[in-house]
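According to this note's numbering, the sequence shown holds residues 186 to 411 in order.
Note that the Cβ used here is the ideal one computed from N, Cα and C, for glycine as well.
Okay, so here's the structure we're looking at.
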Amino acid sequence: MHKKIIITIDGWSSCGKSTLAKQLAKELNYVYIDSGAMYRAITLYFLRNHVDWTKHKAVEEALRKITLDFRYNEHSNQSEMYLNDENVEYVIRDLVVAEKVSDVAAVKEVRQFAVKQQQMMGEKKGIVMDGRDIGTVVFPKAALKIFMTADNAIRVERRFKELYDKNPNVTIDEVKNNLEMRDYIDSHRDISPLRQAEDAIVLDNTNLTMKQQLEIALRWAKEKIG
Ligand code: CDP
Ligand code: CDP
186 MHKKIIITID
196 GWSSCGKSTL
206 AKQLAKELNY
216 VYIDSGAMYR
226 AITLYFLRNH
236 VDWTKHKAVE
246 EALRKITLDF
256 RYNEHSNQSE
266 MYLNDENVEY
276 VIRDLVVAEK
286 VSDVAAVKEV
296 RQFAVKQQQM
306 MGEKKGIVMD
316 GRDIGTVVFP
326 KAALKIFMTA
336 DNAIRVERRF
346 KELYDKNPNV
356 TIDEVKNNLE
366 MRDYIDSHRD
376 ISPLRQAEDA
386 IVLDNTNLTM
396 KQQLEIALRW
406 AKEKIG
């Protein structure tokens, strides 16, 4: 029986973190956890309920009314984000949510709320979690930490394709501005900013296919698992 480890994948917006995390989880028979989906679901709740996230009291009250959980969907063969028993997996990917998520994710109470749940999900190990602060704050002792990056233009193109398939009104400029804005806010906020953990390995997938990125990361994982 191999030992189970925690694998963290952090990096810039839309550089392929969740794609790699899902691939690794499938190969290793681990659980994949999309920490960004949690921040997106909280943002969706705040937007729908007109919660002013600049006010600590309003945030605390709203968080008390939020239950987040991931449930496995056998049709899509993946776990999906639920907000208060509603499947929000698809609606949280909208640009409307993406426009505000980095502001919401910079709020201290929001981070405490999400990080606590993420740490509980990792108690049994055997997980791959992607996000911005997973290797630095959520699981600083994780056995394998990957920091992903890819050229800006490639990241914009990839995310644009994804969003355009769902909504042909979306423009490449909107997507570019959103990625740039989120990367800036995520890496400059006071609490848990996006940065590479000292012991993280960099994976630049600008010129890698999904198969190639998996081969590289799987090799790293197997070295750690033994
Ligand atoms: O998939 P994409 O790179 O577009 O973003 P995501 O992983 O869905 O995360 C959405 C947003 O949530 C990020 O831009 C961050 O503002 C925030 N986030 C965070 O602050 N910490 C995390 N561990 C994960 C996401
Ligand atoms: O999770 P994150 O926002 O970092 O990125 P993602 O959602 O995994 O990937 C963004 C888009 O890039 C998806 O449409 C992936 O299919 C695509 N991708 C790619 O074309 N080539 C790769 N080597 C990795 C991801």
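For residue i: DSSP bridge partner residues
{"i": "ARG374", "result": "In DSSP, ARG374 forms no bridge with anything."}
{"i": "TYR267", "result": "ASP254 and ASN272"}
{"i": "ILE386", "result": "ILE331"}
Residue interval of the beta strand (DSSP E) (run including residue i)
{"i": "TYR217", "result": "216-219"}
{"i": "THR193", "result": "191-196"}
Within 8 Å, strictly: CB atoms of residue i and residue j
{"i": "ALA402", "j": "ASP315", "result": "no"}
{"i": "LEU329", "j": "ARG344", "result": "no"}
{"i": "GLU265", "j": "GLU259", "result": "no"}
{"i": "THR391", "j": "ASP336", "result": "yes"}
{"i": "ARG225", "j": "VAL323", "result": "no"}
{"i": "VAL216", "j": "GLY320", "result": "no"}
{"i": "ILE331", "j": "ILE386", "result": "yes"}
{"i": "ILE218", "j": "MET333", "result": "no"}
{"i": "ALA247", "j": "TYR230", "result": "yes"}
{"i": "ARG380", "j": "SER198", "result": "no"}
{"i": "ASP195", "j": "ASP384", "result": "no"}
{"i": "ALA299", "j": "SER203", "result": "no"}
{"i": "ALA406", "j": "ILE192", "result": "yes"}
{"i": "LEU280", "j": "GLU359", "result": "yes"}
Boundaries of the alpha helix (DSSP H) in which residue i is found, first to last residue
{"i": "TRP238", "result": "Here TRP238 belongs to no alpha helix (DSSP H), and DSSP marks it neither H nor E."}
{"i": "GLN185", "result": "Lying before the first or after the last residue shown, residue 185 is absent from the chain, which here runs from 186 to 411."}
{"i": "GLN397", "result": "395-410"}
Interface flag, residue i vs chain D, CB-CB below 8 Å
{"i": "ILE251", "result": "The chain inventory of the structure shown lacks chain D, comprising one protein chain alone."}
Every unbroken beta strand (DSSP E) inside the stretch 290-359 [3 residues or more]: 312-316 and 329-334, all fully within the stretch 290-359.
For the 8 Å Cβ check, are there 3 or more pairs between the stretch 275-290 and the stretch 360-379? The stretch 275-290 vs the stretch 360-379: in contact.
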